[in-house]
Amino acid sequence: GIAMANGRSLLAGQIATRAAATGEAGEARAKLAEQVAKGLPAEDAVLLPVRVRDAAVSAVPPLADVVAGRAATDPAAASISLRSRADTLFRRPSLENPERLARGSLDLAFVAIVVAPLLLIALGHGLFSTDRDSGAARLVLAQAGRLGPLLLARSVPRLALVAGPILLALALLLATGPDLPGRAVAALAWAGLALALLAAWWGVILWVNSHRVSADGAALALVSLWALFTLVLPVLVAANVQLLHPAPSRLAEMAAVRAAEIAASTEWENDHPEVASSEAEARRASVARAAGVNARVEAAVAPVSARFADALAAQQKASAALAWAVPPLLVSQAMADAGGTGLASAIGFRSAAATHLARFKAALGRVLADDGLLTSQRLAALPRFRPPPPTRPAGPALLWLGLIAALFTGLATRNFARIELA
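Residue numbers for the sequence shown follow my numbering, beginning at 30 and rising by one.
Put into structure tokens, the structure is as follows:
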């Protein structure tokens, strides 16, 4: 219930944020189009290219109410203009509550990855060990006939008791939530990942029960495995990934920005010492100067920004590779990617926004190089942002979890078969 309430609130905020950014950009463009159509004096018309505003708005994550991921921390929109720079597009995201963001959000993915395996362990640690400890195993086997059907009859209700509420919560969120593109497909992928993770844990539970250990020993072993793979290893992976691929210092970027601004401004003043013949020419020269300085700064900062992007991509690649050895971490990443709230979606949106900014500024640059006047046709021809798809397929992770579940279930079946023959 808490996860559902948090998810609804987060998704509503995501939709409202994007609607506000889209509406603000549309209103600004409509107002500017009206001014262009009416016509302005020459000294005001040359300033119109600077006043053009656009917005790069990411697609609403289809499952933000199920898996929060990075939705609460990553910016959903960026302002695009002639003065914007790729390195500062996402420097000022609006954080509603930094303390809450630091604590994290309890969502349905947290329930499926962290809470549900604990419930499975509580329900299944003594699946057969309890009978062995009490000495009733032989009697139980004599009454059941075979151990396989008995274990199946004990397994299905326990799995249903844990997986049922999760799937019911998912169904309720889908039934009461908005109709977003790709939501049903993402929900199916998420549900498959949740069930596959539970199946893998249940295979481990069966495998531990198939050994000659007490119920208390099985519980201790299973809880230790849960703590190792759910709490310890993900933190170690994140720490080591950052150590292996550290990001460069932001101070280097700040120094490059300042040096480029000084050099570009000085060069412009040295190359253009003349005084403009009119107010319109002076303003046009000022607009060209601002665009030139902006371009020089962006070019100077590009290598530093590229190193940041390369470090982030390397961290993502290393984390994705190490996650195959940590199933809960793999599921967490796959759920976020399937729901549109993963790191890959964030990187894709930032890259698309930077590409759109370059195209947008190039179009306005051609206007400035011509006569500097923005007409209705030129305004309508400016490029529009198209967000990339936010979701990624979860097939490889599903297949890997299925193999893990089949492996441990097969090992447990072999061990239980030996018990039946004893």
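Where is the CB? At the ideal position from N, CA and C, for every residue including glycine. Please read these numbers as outputs of a predicted model, since none were measured by experiment.
- For V396, the enclosing alpha helix (DSSP H) has its first and last residue at L372 to D399.
- At the C-beta level, P332 and A88 stay beyond 8 Å of one another.
- For I109, there is no enclosing alpha helix (DSSP H); the enclosing beta strand (DSSP E) covers residues A106 to I109.
- Using a Cβ distance threshold of 8 Å, P357 and F258 count as a contacting pair.
- If you ignore the 5 residues before and after Q43, its C-beta comes within less than 7 Å of the C-beta of V89, P90, A93, A100 and A105, all in its own chain and listed in chain order.
- Relative to I150, the option among A204, W230 and L217 whose CA is nearest is W230.
- Here T205 is exposed, its C-beta having fewer than 16 other C-beta atoms within 10 Å.
- When DSSP states are grouped into helix, strand and coil, V322 belongs to the helix group.
- Contact between the region 390 to 410 and the region 201 to 215 is absent: fewer than 3 CB-CB pairs across the two stretches fall below 8 Å.
- Taking the Cα positions, L190 is about 13 Å away from V144.
- Within its own chain, the residues whose Cβ lies closer than 7 Å to the Cβ of L209, once the five positions on either side in sequence are excluded, are V89 and P91, listed in chain order.
- The shortest C-alpha to C-alpha distance from V355 to any of L265, L179, A141 and S184 is the one to L265.
- By the C-beta density criterion, K67 is exposed, having fewer than 16 other C-beta atoms within 10 angstroms.
- By a beta-carbon distance limit of 8 Å, A367 does not contact A314. Their separation comes to about 52 Å.
- Ranked by Cα distance from A225, the first of I433, A41 and A320 is I433.
- Boundaries of the alpha helix (DSSP H) harbouring A218: R212 to N238, taken from the DSSP string.
- The three-state secondary structure of A276, taken from DSSP, is coil.
- In the displayed model, V333 falls within a helix according to three-state DSSP.
- Counting of Cβ neighbours within 10 angstroms places I142 among the buried residues, the total reaching 16 or more.
- Here the region 365 to 380 makes no contact with the region 233 to 245; the two share fewer than three CB pairs at distances below 8 Å.
- One Cα belongs to A107, the other to L411, and the distance between them is close to 17 Å.
- With contacts defined by Cβ atoms closer than 8 Å, N323 and R82 do not form a contacting pair.
- If you draw a straight line from the Cα of H154 to the Cα of A441, it is about 14 Å long.
- In the three-state DSSP reduction, A85 falls in the strand class (E or B).
- Between L427 and L222 the beta-carbon gap is near 6 Å, inside 8 Å, which marks them as a contact.
- Taking A340 as the centre and dropping the five residues before and after it, the same chain places the C-beta of H274 and A276 closer than 6 Å to its C-beta, in chain order.
- Closest by C-alpha distance to R183, out of P194, V326, L196 and T159, is T159.
- Pairing R80 with A319 gives a Cβ-Cβ distance that is not under 8 Å.
- Here DSSP, grouped into helix, strand and coil, assigns L61 to helix.
- Taking C-beta atoms as the reference points, A365 and V95 fail to come closer than 8 Å.
- Counting only residues of its own chain and dropping the five nearest sequence neighbours on each side, A218 has a CB closer than 6 Å to the CB of A367 and A423.
- Non-local beta-carbon contacts of A138 in its own chain, meaning distances under 6 Å to residues more than five positions away in sequence, involve V96 and M364 in chain order.
- Sequence-distant Cβ neighbours of S334 in its own chain, meaning closer than 6 Å and more than five residues away, are D116.
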